[in-house]
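Counting in this note's numbering, the sequence shown runs from 473 upward without gaps.
Just so it is clear, CB atoms sit at the ideal spot from N, CA and C, and this is done for glycine as well.
In this text, all values refer to a predicted model and were calculated from it rather than measured experimentally.
In what follows, a structure is listed as structure tokens, so that the remarks can point back to it.
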Amino acid sequence: MTKSRKLLDRIRNNPKAVSFDDLDKALRDCGFTRRQPRGGSSHYFYTYGEQTLSVPYKRPYVREIYVKHALALIEQAMEEDV
473 MTKSRKLLDR IRNNPKAVSF DDLDKALRDC GFTRRQPRGG SSHYFYTYGE
523 QTLSVPYKRP YVREIYVKHA LALIEQAMEE DV
């Protein structure tokens with residue numbers, strides 16, 4: 473099992489305790505591109521084809537709703553690659 477697969481499994485098993493860095497790594501490993509915030513915003517934008525996701529930078533954990541939405545987009549991206 474690869475490191476990225478283990479990371480995704482860990483995120484799926486506990487979506488309430490996911491750090492921004494872990495979610496960022498999982499999204500970028502799946503092919504999403506990241507655009508950093510500008511002008512005082514805290515939201516990072518990830519795109520993959522037509523799919524877009526906004527994730528606020530928050531410590532210590534990203535809110536669960538953002539993690540679940542990111543997991544759904546990762547699943548769609550993985551299905552498209554197959």
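How close, in whole Å, do the beta carbons of residue i and residue j come, if the pair is a contact with beta carbons under 8 Å?
i: Y518; j: F504; result: 4 Å
i: L495; j: V534; result: 5 Å
i: Q523; j: L545; result: 5 Å
Within 10 angstroms of its Cβ, does residue i collect 16 or more other Cβ (buried), or is it exposed?
i: I483; result: buried
i: I537; result: exposed
i: P528; result: exposed
i: P532; result: exposed
Please report the residue range of the beta strand (DSSP E) in which residue i lies.
i: R507; result: 505-507
Mind checking which residues open and close the alpha helix (DSSP H) that includes residue i?
i: N485; result: 475-485
i: K497; result: 492-501
**Report entry** 3 or more residues per run - each beta strand (DSSP E) lying fully within the segment 512-548
**Finding:** 515-520, 523-528
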